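One structure is given below, encoded as structure tokens.
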Amino acid sequence: MLGAHFVEKDGRKGVRFSVWAPHAKSVSVVGDFNNWDTRTHTMEKIGDGEIWVTFIEGLEEGEVYKYAIEPQWGGPHIMKADPYGFYAEKKPNTASRLYDLSKYQWNDAAWQERKKTHPSYSNPMLTYEVHLGSWRRTLEGGYLSYRELADQLVGYAKKMNYTHIEIMPLCEHPFDGSWGYQATGYYAVTSRYGEPDDFRYFVDTAHANGIAVIMDWVPGHFCKDEQGLRHFDGMTLYESDNEQRAENWEWGTTNFDYGRTEVQSFLISNAMFWFEEYHIDGLRIDAVANMLYLNYGRKDGEWQPNKYGDTGNLEAMDFIKKLNEAIFKFHPDALMIAEESTAWPLISKPVYMGGMGFNYKWNMGWMNDMLSYMSLDPIYRKWNQDKVTFSFMYAFSENFVLPLSHDEVVHGKCSLVSKMPGDYWQKFAGLRGFFGYWMAHPGKKLLFMGGEFAQFIEWNYDDSLDWHLVEEYPMHTKMLEYSRALNKFYKENRPFWEVDFDWNGFEWIDCNDSENSIITFVRKADNDADFLVVLCNFTPEVRHDYRIGVPKKGEYREVFNSDAEEFGGSGVKNEGDLHTEDVPWHDREQSLVITVPPMATIYLRHKDTLPFVKRSTPEEETEVLVVKGAEKKKEKEPKKPAAEVSDSAQKEAPQAEQSPREAAEGEKAHEEKAASSKTETVKKPSVASQKKPKGGEAKKTAAKARPRKTETAKGAKKSAKPPKKSSKKKAAAQ
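According to this note's numbering, the sequence shown is numbered sequentially starting from 88.
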């Protein structure tokens, strides 16, 4: 085994060190224990001379060390951290630390058994993407520890009804601004938030509370810092000796050389390591397109074609297939999720079917189209209906995850709520309606932190989310409640997740009412009798007497409405039983006449299907189970969350430190003024029409017909602006 391992040799306890450095003239282990003297603990070559080993007696856990490597041509030693090290010093220091991974006692056997009988394809997958360093911070601006996050983040995710937590990269990395995507220590969980066993406790706690853990993993490239993998033994080793292959000019990093079997082994072993030593449930593989394409992000002259004259990286393709085959061989319930932004085929199909072997792929096309569409003024949306409907043309070509990720709320792209056009009220209404559409669209779901309560400013990796918004401003509190309720509805209704990856779970009702910017469709569970009718209105128009075809005769009920007053909406709704009429519509024998709320998504259920709803108890949602038996030396009492969920948000949560009184009063007054205007003011009713579709033209023509009244929901005054960001301390958690 490569790396540093506690062993007993000839009755002596110590550490066995081994490192791959085939080009080195000599290698030694240095640290505080030998005053960093390169002559004290030299290593010996074994086997074919590429591996160096030594045994040092008496070393204890926590000792810092590096490998001092003398290049072939002599000269000063190169000081390198252990590529297989389990733990590292806190930045700015860069040495590895000895750590014994054998002492943690896991408590998640029941979770591991449960996964075998609950395949992810046909179960809810609602992922909360998190950057641990900026989800929430202490009052002093410091990081929460893994154990504090186990209490706070896991509890929050459970209360919000998320099923998975996806953590941005945790491999040790020197630069905070890389967000973890430029690693030096692939086997070391970052020391920013604690020790390896502390992160194990986090995973254990998540599993005890029914939440899966996915980790962002970067096997495409690594950083150039001198303690890392680049020119590890004085020459190219983990990277190609072809500069055009090795250099990643777009990100200022170095690409792995997948043509070396040792590099493939390093990475595949690393992926396996996270599943086996940390019990993670899945990996989200970053920047797969950068791996697959030789010309990705490169100009002409900066890349060379493969032996067939093509752009594909043959060695990377081979590596990816081997990686996925290895993981699924030993961990058949694993989630292997590709962030792949191109049309490369069969990404989420098994290798034996000619695919790349992942079981999920991010749907970047859907994300780009919908965020572009939602940023349009509703007036112009009728000419862009294809942005809403095009994703259904390829929705079942891969096993898609619909991501609203960190990449979409940084670098001037604005937060999700800020992307929405209109006044203050309409921004929230637009986001609620969009989330309702997103939840009903085929595919698993992922949302980046802060989106659930409509954080106004872009994500900042160096600061906490603005939790004070939830505490002080009603619209944000209601948005959080909406997200919680929507998540709960998703989990309890099989049509939204049981058949996500083929046409058996989806039917169009009408995709062509572009004039009104409305779409309607059906989502079905594995049992066809269990279905939901979904209507999305992407304009601020209230539409009365709107007719839609439905799958079944009888009585329907509106079971969810993003425009509900408790969520900050105008309260336009369909009350009581809705009775079908024998009026053919949308190529269906039966139809309903309903009221369509403004900027909203509504879900309808046939009364016969109500028993299919899988209700969860309040205890299941809120009681956070604590892992037992995972003892840890006494630490400071964990900080409590700055924001709770539901109506207890302002009562139970500790108050964040106050910013200057004038600023606070100004923000509060503004928020109350904006919220109070809500939607009571409407435009003078206008006339709109809906035409009965002819025969087979239901899917070709926009719906227009008999006159009906319409209203336009208005929100706050146009001058209303989002609340300003508070001071750093105010945003931090108590």
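Built from N, CA and C at the ideal position, the CB exists for glycine as well. Note that the coordinates shown come from a computational prediction; the quantities given were computed from them, not determined experimentally.
Assumed close pair residue i, residue j - CB separation to whole angstroms, cut-off 8 Å
i	j	result
Ile301	Ile367	7 Å
Ile424	Gly384	The Cβ separation is near 21 Å, so there is no contact.
His318	Trp338	In fact, because the Cβ distance is near 18 Å, the residues do not count as touching under 8 Å.
Phe593	Gly530	In fact, because the Cβ distance is near 10 Å, the residues do not count as touching under 8 Å.
Leu533	Ser492	6 Å
Ser113	Thr127	The Cβ separation is near 13 Å, so there is no contact.
Arg287	Tyr365	6 Å
His251	Ala196	Not really, about 20 Å apart at Cβ, beyond 8 Å.
His218	Tyr548	6 Å
Ala358	Leu410	6 Å
Tyr268	Pro170	Not a contact, Cβ separation roughly 18 Å.
Glu150	Gly118	6 Å
Leu257	Val276	5 Å
Arg581	Phe699	7 Å
Ile434	Glu363	About 25 Å separates the two Cβ atoms, so there is no contact after all.
Ser278	Tyr174	6 Å
Glu579	Arg702	6 Å
Ala30	Thr271	The first residue shown for the chain is 88 and the last is 821, placing residue 30 beyond what the model contains.
Cut-off 6 Å between Cβ atoms - residues of its own chain near residue i, not counting five sequence neighbours on either side
i	result
Ala516	Met686
Phe576	Phe647
Phe608	Trp595, Ile596, Val621
Cys68	The question about residue 68 has no answer, for the chain in this structure spans 88 to 821.
Thr626	Pro465, Ser604
Ile689	Leu622, Glu645, Asn648
Trp449	Glu426, Val488, Pro490
Exposure of residue i, with buried meaning 16 or more beta-carbon neighbours within 10 Å
i	result
Trp470	exposed
Trp222	buried
Ile414	buried
Ser570	buried
Tyr191	buried
Asp650	buried
Met480	exposed
Glu259	buried
Trp525	buried
Arg201	exposed
Ala430	exposed
Pro283	buried
Gln159	exposed
Ile544	buried
Glu628	buried
Tyr467	exposed
Gln822	Residue 822 lies beyond the range of the chain shown here (88 to 821); nothing can be said about it.
Phe417	exposed
Glu495	buried
Met88	exposed
Phe262	exposed
Met440	exposed
Asn329	exposed
Gln472	buried
Ser189	exposed
Val102	buried
Neighbourhood of residue i by C-beta, 7 Å cutoff - its chain only, sequence neighbours within 5 removed
i	result
Leu401	Asn393
Asn574	Leu213, Met247, Asn248, Tyr249
Trp390	Gln331, Leu381, Asn382
Beta-carbon proximity list for residue i, same chain, < 8 Å, skipping 5 on both sides
i	result
Ser327	Ala333, Asn342, Asp344, Gly346
Lys311	Arg317, Gly339, Thr340, Thr341
Asp124	Val117
Below-8 Å beta-carbon distance, residue i vs any chain D residue
i	result
Asn471	The chain labelled as chain D is not found in the depicted structure, where only one protein chain is given.
I'd like the ranges of any beta strand (DSSP E) spanning at least 3 consecutive residues and lying wholly in the stretch 292 to 375.
Within the stretch 292 to 375, the complete beta strand (DSSP E) runs of at least 3 residues are 299 to 304, 340 to 342, 369 to 372.
Would you check if there are 3 or more beta carbon pairs closer than 8 Å linking the stretch 547 to 555 to the stretch 668 to 679?
Touching, no.
Check whether the stretch 233 to 242 and the stretch 138 to 145 touch, using three or more Cβ-Cβ pairs below 8 Å as the test.
With a cut-off of 8 Å, the stretch 138 to 145 and the stretch 233 to 242 do not count as touching, because too few Cβ pairs lie within range.
Whole runs of the beta strand (DSSP E) within the stretch 158 to 200, excluding any shorter than 3 residues
Here the runs fully enclosed are 165 to 167.
Three or more C-beta pairs closer than 8 Å, one from the stretch 319 to 327 and one from the stretch 287 to 295: is that the case here?
The stretch 319 to 327 vs the stretch 287 to 295: no contact.
Could you tell me which uninterrupted beta strand (DSSP E) segments, each at least 3 residues in length, are contained entirely in the stretch 228 to 259, listed from first to last along the chain?
Listed in chain order, the complete beta strand (DSSP E) runs (minimum 3 residues) inside the stretch 228 to 259 are 251 to 254.
Pair every Cβ in the stretch 538 to 547 with every Cβ in the stretch 622 to 641, then say whether three or more of these pairs are closer than 8 Å.
Result no; under three Cβ-Cβ pairs closer than 8 Å.
Which runs of the alpha helix (DSSP H), 4 residues or longer, sit entirely within the stretch 539 to 593?
The stretch 539 to 593 contains, as complete alpha helix (DSSP H) runs of 4+ residues, the segments 555 to 559, 561 to 579 (chain order).
So, do the stretch 107 to 127 and the stretch 154 to 163 have three or more beta carbon pairs nearer to each other than 8 Å?
Contact between the stretch 107 to 127 and the stretch 154 to 163 is present, because at least three Cβ pairs lie under 8 Å.
Evaluate the contact criterion for the stretch 503 to 517 versus the stretch 458 to 466: three or more CB pairs, one atom per stretch, below 8 Å.
Look at the beta carbons and you see the stretch 503 to 517 touching the stretch 458 to 466: at least three pairs across the two are nearer than 8 Å.
Answer yes if the stretch 91 to 102 comes into contact with the stretch 182 to 198, meaning at least three C-beta pairs across the two stretches below 8 Å, and no otherwise.
Result yes; three or more Cβ-Cβ pairs closer than 8 Å.
Can you confirm whether the stretch 687 to 700 touches the stretch 604 to 619 when touching is taken to mean that 3 or more C-beta pairs between the two stretches lie within less than 8 Å?
They touch, by the three-pair rule.
Runs of 4 residues minimum, wholly inside the stretch 619 to 649: which ones carry the alpha helix (DSSP H) assignment?
Counting whole runs of 4 or more residues, the stretch 619 to 649 contains no alpha helix (DSSP H) stretch at all.
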